[in-house]
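Read through the structure below, which is laid out as structure tokens, and then see the notes.
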Amino acid sequence: MTTVLIMGVSGCGKTTIGRVLADRLGWQFQEGDALHPAANVAKMAGGTPLSDEDRAPWLQAIVAVMRAWQKSGISGVVTCSALKQAYRDVLLSDLSGARLVYFEGDQRIIAERLVARKGHFMPPALLASQFAVLEPPGPDEKPLIVPITQSRDAIIAKLVAAFS
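Sequential numbering from -17 applies to the sequence shown in our numbering.
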């Protein structure tokens, strides 16, 4: 059983790729943004970045999903910005077999994607605040780093090969 946490700033492709990856592997999928409390969604939709305190219950909700999968012997893919190492420590500290995937990309490219994206509460104006607090994972976290400049098919093929 494996749990894969795909992390990166909003608009880097976590959900799009994560869903396809989970489907190809026959695993469960959880979009981390779907677990935000309503107050967090309203705050972000209004253009205000979240604080660490805002994120705490959201991170715990994601942890609960991953622990339930692990307890049931289920493999799954979950997406979460996981911008700081402290957040990743909360998310992954008690999970054996968990793997971290970091979608790495240029702010300009991701900003273009956000402007084109429809139906998401995260406004493009908040992207700079995400990059400002982003702590890319270090070697001690053993991340699989995926440059988002690769094609969607290439990224999916790389991830399927890594987790099959």
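From the three backbone atoms N, C-alpha and C, an ideal C-beta is built for every residue, glycine too.
Which of helix, strand or coil DSSP assigns to Met(-11): Position 7 of the sequence shown holds residue -11. DSSP places Met(-11) within a strand segment (E or B) once states are collapsed to three.
Selection from Gly29, Thr131, Leu108 that minimises the alpha carbon distance to Val(-9): By one-based count along the sequence shown, residue -9 stands at place 9. For Val(-9), the nearest C-alpha among the options comes from Leu108.
Pairwise C-alpha distance: Ala46 and Ala16: As a first step, residue 16 must be located in the sequence shown, where it is residue number 34. As a first step, residue 46 must be located in the sequence shown, where it is residue number 64. Distance between the alpha carbons of Ala16 and Ala46 is about 14 Å.
Distance between Trp51 and Ala93 (C-alpha atoms, nearest Å): Numbered from 1 along the sequence shown, position 111 holds the residue referred to as residue 93. Numbered from 1 along the sequence shown, position 69 holds the residue referred to as residue 51. Counting only the Cα atoms, Trp51 lies some 33 Å from Ala93.
Ser95 versus Met(-17), Gly(-5), Thr(-16), residue with shortest Cα-Cα distance: Residue numbering aside, residue 95 sits at position 113 when the sequence shown is read from its first letter. For the sequence presented, residue 95 should be read as Arg rather than Ser. It is Gly(-5).
Residue from Asn22, Val60, Leu126, Ile91 with nearest C-alpha to Arg37: Indexing the sequence shown from 1 puts residue 37 at position 55. Checked all of Asn22, Val60, Leu126, Ile91; the closest Cα to Arg37 is Asn22.
Below-8 Å beta-carbon distance, Val72 vs any chain D residue: Given the protein chain composition of this structure (a single chain), no chain D is represented.
Cross-strand partners of Pro129 (DSSP beta bridge): For the purposes of this step, residue 129 is identified with residue 147 of the sequence shown, where counting begins at 1. In DSSP, Pro129 forms a bridge with Glu86.
Thr61 in three-state terms, based on DSSP: Residue mapping note: residue 61 aligns to position 79 of the sequence shown, counting from 1. Strand at Thr61.
Limits of the unbroken alpha helix (DSSP H) element including Glu35: For the purposes of this step, residue 35 is taken as the residue at position 53 of the sequence shown. Following the DSSP letters along the chain, one finds Glu35 inside the alpha helix (DSSP H) bounded by residues 34 to 54.
Where the alpha helix (DSSP H) through Asp71 begins and ends: By one-based count along the sequence shown, residue 71 stands at place 89. Run containing Asp71: 67 to 74, per the alpha helix (DSSP H) assignment.
Candidates Thr131, Pro125, Ser133, of which the one nearest Ala144 by Cα: Looking up residue 144 in the sequence shown gives position 162. Ranking Thr131, Pro125, Ser133 by Cα distance to Ala144 puts Pro125 first.
Contact between the segment -6 to 13 and the segment 66 to 82 (3+ Cβ pairs under 8 Å): Touching, no, given that fewer than three Cβ pairs across the two stretches are closer than 8 Å.
DSSP bridge partner residues for Gln12 (one or two, in chain order): By one-based count along the sequence shown, residue 12 stands at place 30. Gln12 is bridged by DSSP to Val60.
CB contact flag (Thr61, Thr131, <8 Å): For the purposes of this step, residue 61 is identified with residue 79 of the sequence shown, where counting begins at 1. For the purposes of this step, residue 131 is identified with residue 149 of the sequence shown, where counting begins at 1. Not closer than 8 Å, so no.
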